[in-house]
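Numbering (my numbering), first residue to last: 1482 to 2422. Below is one structure, written out as structure tokens; the observations come after it.
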């Protein structure tokens, strides 16, 4: 079903479906090219088989015209820009990042802000997302590369769209202040600067010094010391947090709820509309001045205990009543006590002796305690002169831990209780969670409340982030939070965030190819019931020891249906079992008989997996010699219909066994060195850029699919290479079933291939292993050191040291030899013994005793091959004769140099004749018989 109207690129242009015709309605006669690129609109209706429909509407070719150069907004001018990508999985997000990196790198004329604007406004939000934020094109590309590699960096913000819910802004309280907070945002954002200037303009009339002189003072100056005085601390936090709220408001983000911590709730009340700016500034200035004037000698301490545990201790000390109180409940086991310094210190020491963590807070007074009682009357008197209004945004109360009522927020007595009573932040967060809030954004100088929220929630937050972070660029941090909210389903005003930016073409979604066929269930055959020993390994099924001899035979069956991950290892278009797979077979068989070390394994022929059906594998171990050495051989043969039908025959139906590898196994050397790779990355090594490596390998004939694309990072040292590899999603869960997963070890060997560490070189495949031994099984991530021990025109030799993701030894290989890739050998192996889905066979048909009747027959052509059947020169004559069966023989193709041309002519004549016959209603009741000769060899010769 196609829509009647499809909107394209600009509102004034759309496609109108009218009577099956397409007409373009536009204010302009031509579609202008964006930056010289033709516009294109596509419609795709995807169904099953023949129900697909695709229409592409594109501007006609013409002389491209470039729009005048303009200064690019955003990252081109030093302003941070977010690039948002999303996908159905984390792997899809990495693929999106990689594709976008390649796209942007290929076109240096693309403005970063245009890309960011297009990604934010023209792309939907999928389950998993990430945003790269940067102020330069180079920083953005570096962040994209880190995201594509799965690395963590402050420039990357990750988010998910699951559990969508409401949003709350949290305002930080006293103790979070830091010198210079908001300075970078003030210098880069006019919106933030105007808001901060407006707040400071009202506060400065009530402060001893201009607030910005203190806030942005030079470190170590006298003004800098003032920031920690309560009167300036509370004013500075109020100013910065209010300006942050106005920044998000300007960019189209308004929360569903507000909650502050102590002075932070005053900020929440102001931005909610309870107090206008002049009255809010007056309340903040009075609050800070009066709280600072409270009696000296107070202290506050944080205790890692529950509120009930702390209250029981305080209640048991009746003599301390009125001197110490609970000042805050910040989490399930995060309580703050406040009061007389000697008592607070004594209580903290007692808890510490019991193993409870405590921390003395750096404050000048005992806030939210009886020490505040002396200032409450004056505070109420000052607050009574202010004008209060009903809140426009719901505010959660510190006093009750629930939504504050209009009566509370508009009462001077409530704000006096707010100074004196405990801050019930933990209860407030739990209440917000009950209201459906999943996203918490902290507006303050650092991520102080973020950790408290995380400990208070019963479920993981959808988004939990501070708007500013100590030690990180402020403009990029706020822009990253804006991008995070977009990934959570919010709709920021990107025209305000990226002024002047416009939509540009973007790369298409990086669809991930996946199998949806169910894997074949494991065979229910009981090996013991067949007189065999079961082998628990994905590539082997059973083993048997020969009677009277210390020899073993291991068997298995491989196919793309039962082992689909092997399809991701193709060479020259042919799926091969990797050399690491043959090594795994030998090592696993050796483990079962006590000969764990592969002394030598030489590859004799590629082991090809057919597109359909499977192959039978046999691994034989010989009798150990005087030194305990066993010979090992690996054979295979195709599993054919013929062999299954002749399963009772001694030779299994006549299919030939092919030798793929041979060598020897010995008992593991317990004294062998098991060196690890604890120091990582290696000192002095230079990292290699892997961008486009697998594409270059594909050009050389290496067809690595997702399961074998595990190479993540590579470094080059003096005669050494270092690699980090991981098992990709989809095969990672199988790591524990192998000694060392073949796809994982094979990915490490990609470091030795041309196009990875060297731009050019000869394509090679592993030829032989020597001294290979597995020390620990089941690894899913590796660190690998490859030491180059020899190279020439024909071979490349290296030794391997393999460790897990933390450097513990996993395996070692004394020598691996690679030889040039022989495409002829691969093609020969692929064609040997492969009979295909429809084998060609001829059976002699005896002639009938009585010849068939030829009544109603006609021959199309000059002469008739059957003397009794009349011939006609063309189809019109045949139709007039009323023939029911029409025989026609195309011209026979010649031989030698003219064969190809004659064959094309015969094919064309056949096509035209068949089309004419089928398109003529006069032959509706007739049939056409095409007679050929010499096309297929029936018998030898």
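Cβ coordinates follow ideal geometry from the N, Cα and C atoms, glycine included. Source: prediction; values computed, not measured.
Rounded separation between residue i and residue j - CA only
| i | j | result |
| --- | --- | --- |
| residue 2072 | residue 1590 | 59 Å |
| residue 1748 | residue 1990 | 43 Å |
| residue 1872 | residue 1718 | 21 Å |
| residue 1984 | residue 1599 | 5 Å |
| residue 2355 | residue 2388 | 18 Å |
| residue 1940 | residue 2101 | 56 Å |
| residue 1666 | residue 1673 | 7 Å |
| residue 1653 | residue 2192 | 44 Å |
| residue 1556 | residue 2143 | For residue 1556, the pLDDT reaches just 47, beneath the cut-off of 50, and the residue's location in the model is therefore unreliable, although a value from the coordinates is still provided. If I take the Cα positions, the gap works out to 60 Å. |
| residue 1724 | residue 1929 | 18 Å |
| residue 1732 | residue 2242 | 53 Å |
| residue 1912 | residue 1894 | 23 Å |
| residue 2209 | residue 2190 | 7 Å |
| residue 1829 | residue 1787 | 14 Å |
| residue 1942 | residue 1781 | 30 Å |
| residue 1607 | residue 2216 | 29 Å |
| residue 1821 | residue 1789 | 21 Å |
| residue 2412 | residue 2383 | 17 Å |
| residue 1572 | residue 1993 | 9 Å |
| residue 1643 | residue 1919 | 10 Å |
| residue 1603 | residue 1861 | 53 Å |
| residue 2108 | residue 2076 | 11 Å |
| residue 2410 | residue 2118 | 41 Å |
| residue 1783 | residue 1775 | 21 Å |
| residue 1727 | residue 1682 | 16 Å |
| residue 2066 | residue 2284 | 20 Å |
| residue 1933 | residue 2090 | 56 Å |
| residue 1453 | residue 2092 | As displayed, the chain neither begins before 1482 nor continues past 2422, which places residue 1453 out of reach and without an answer. |
Counterpart residues of residue i in DSSP-defined beta bridges
| i | result |
| --- | --- |
| residue 2142 | 2084 and 2115 |
| residue 1840 | 1783 |
| residue 2050 | 2185 |
| residue 1738 | 1649 |
| residue 2369 | 2341 and 2411 |
| residue 2196 | 2168 and 2203 |
| residue 2267 | 2202 and 2281 |
| residue 2078 | 2147 |
| residue 1614 | 1563 |
| residue 2219 | Partner(s): none; residue 2219 has no beta bridge. |
Residue i, buried or exposed, once every other Cβ within 10 Å from all chains shown has been counted against 16
| i | result |
| --- | --- |
| residue 1544 | Since pLDDT at residue 1544 reaches only 45, below the 50 mark, its modelled position is unreliable, and no value is offered. |
| residue 1812 | buried |
| residue 1850 | buried |
| residue 1921 | buried |
| residue 2324 | exposed |
| residue 1936 | exposed |
| residue 1577 | buried |
| residue 2293 | buried |
| residue 1831 | exposed |
Helix, strand or coil at residue i [DSSP, three-state]
| i | result |
| --- | --- |
| residue 2232 | helix |
| residue 2403 | helix |
| residue 2323 | coil |
| residue 1551 | Since pLDDT at residue 1551 reaches only 44, below the 50 mark, its modelled position is unreliable, and the value read off the structure follows with that caveat. Three-state DSSP puts residue 1551 in coil, outside helix and strand. |
| residue 1896 | helix |
| residue 1599 | helix |
| residue 1848 | coil |
| residue 2419 | coil |
| residue 1569 | coil |
| residue 1987 | coil |
| residue 1519 | At residue 1519, the pLDDT of 41 sits below 50, so the modelled position is not reliable and the matter cannot be decided from this model. |
| residue 1732 | coil |
First through last residue of the beta strand (DSSP E) which encompasses residue i
| i | result |
| --- | --- |
| residue 2293 | 2290-2301 |
| residue 2251 | 2245-2255 |
| residue 2034 | 2033-2040 |
Chain B contact for residue i (CB, 8 Å cutoff)
| i | result |
| --- | --- |
| residue 1711 | In the displayed structure, chain B is absent; only one protein chain is listed. |
Limits of the alpha helix (DSSP H) - the one that residue i falls within
| i | result |
| --- | --- |
| residue 1751 | 1744-1752 |
| residue 1678 | 1671-1684 |
Closer than 7 Å: residue i CB and nearest the ligand SAM heavy atom
| i | result |
| --- | --- |
| residue 1841 | This structure lacks the ligand SAM, and indeed carries no ligand of any kind. |
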